[in-house]
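Data first, discussion second: the structure below is written as structure tokens.
In the UniProt record's numbering, the protein residues as written are 1 to 110.
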């Protein structure tokens, strides 16, 4: 669960701050030898969700683009953070990008 003082996504800060912190925590390109390179592509807030688009690339591998929707809901007792993520490799951007974004954007709480 999430602490009781976290009642909505904005409790984590603005979407830009949240996204920068998330991606910064994934990036290991500064290590020697270099690890995964993470780069923020875009982020937005809409209808209580944070949508974050970013890329990850392990050394010697194709770059992957990830698109995540992150939201918070309560079951009456606990606040919980939920996420759904879709991804595709750079070579298949034309084939999958719009489909992945559409699928992730359809994520809702019932």
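Glycine included, every Cβ here is placed at the ideal spot set by N, Cα and C. Keep in mind it's a predicted model, so treat the numbers as computed, not measured.
* Tell me where the alpha helix (DSSP H) around residue 98 begins and ends. => On the chain shown, residue 98 is found 98 positions in, with the first residue counted as 1. Per DSSP, residue 98 belongs to the alpha helix (DSSP H) from 93-105.
* Asked: Going by Cα to Cα distance, which pick from 76, 41, 75 is closest to residue 63?
  -> Here residue 63 is taken as the residue at index 63 of the chain shown, counted from 1. For the residues 76, 41, 75, the minimum Cα distance to residue 63 belongs to 41.
* To do: Select from 59, 90, 3 the residue whose C-alpha is nearest the C-alpha of residue 32.
  => The residue you call residue 32 lines up with position 32 of the chain shown. Minimum Cα distance to residue 32 is reached at 59.
* To do: Express the C-alpha separation of residue 5 and residue 44 in angstroms, rounding to a whole number.
  => Numbered from 1 along the chain shown, position 44 holds the residue referred to as residue 44. Numbered from 1 along the chain shown, position 5 holds the residue referred to as residue 5. When rounded, the distance between both Cα atoms is 23 Å.
* By the 10 Å Cβ neighbour count, where 16 or more other Cβ atoms means buried, how is residue 110 classified, buried or exposed? -> Locating residue 110 in the chain shown gives position 110, counting from the first residue. Label assigned to residue 110: exposed.
* **Ranges of the beta strand (DSSP E) found wholly within the UniProt domain "PsbP C-terminal" (5-109), counting only runs of at least 3** => Taking only runs of at least 3 residues, the beta strand (DSSP E) segments lying wholly in the UniProt domain "PsbP C-terminal" (5-109) are 37-46, 49-57, 64-74, 79-89.
* 7 Å Cβ shell around residue 173 - same chain, five flanking residues per side excluded -> Shown here, the chain extends from 1 to 110; a query on residue 173 therefore has no answer.
* Output the distance between the C-alpha atoms of residue 83 and residue 68, rounded to the nearest integer angstrom. => In the chain shown, the residue the question calls residue 83 occupies position 83. In the chain shown, the residue the question calls residue 68 occupies position 68. Distance between the alpha carbons of residue 83 and residue 68: 7 Å.
* Asked: Can you tell me whether residue 7 is buried or exposed, with buried defined as 16 or more other CB within 10 angstroms of its CB?
  -> Sequence index remark: in the chain shown, residue 7 carries index 7 (1-based). Under this definition residue 7 is an exposed residue.
* To do: With a cut-off of 8 Å on the beta carbons, I'd call residue 9 and residue 71 a contact; round off their distance for me.
  => Taking the chain shown and counting its residues from 1, one reaches residue 9 at position 9. Taking the chain shown and counting its residues from 1, one reaches residue 71 at position 71. That pair is a contact at about 7 Å.
* To do: Output yes or no for whether 9 Å exceeds the beta carbon distance between residue 54 and residue 81.
  => Taking the first residue of the chain shown as 1, we reach residue 54 at position 54. Taking the first residue of the chain shown as 1, we reach residue 81 at position 81. Not closer than 9 Å, so no.
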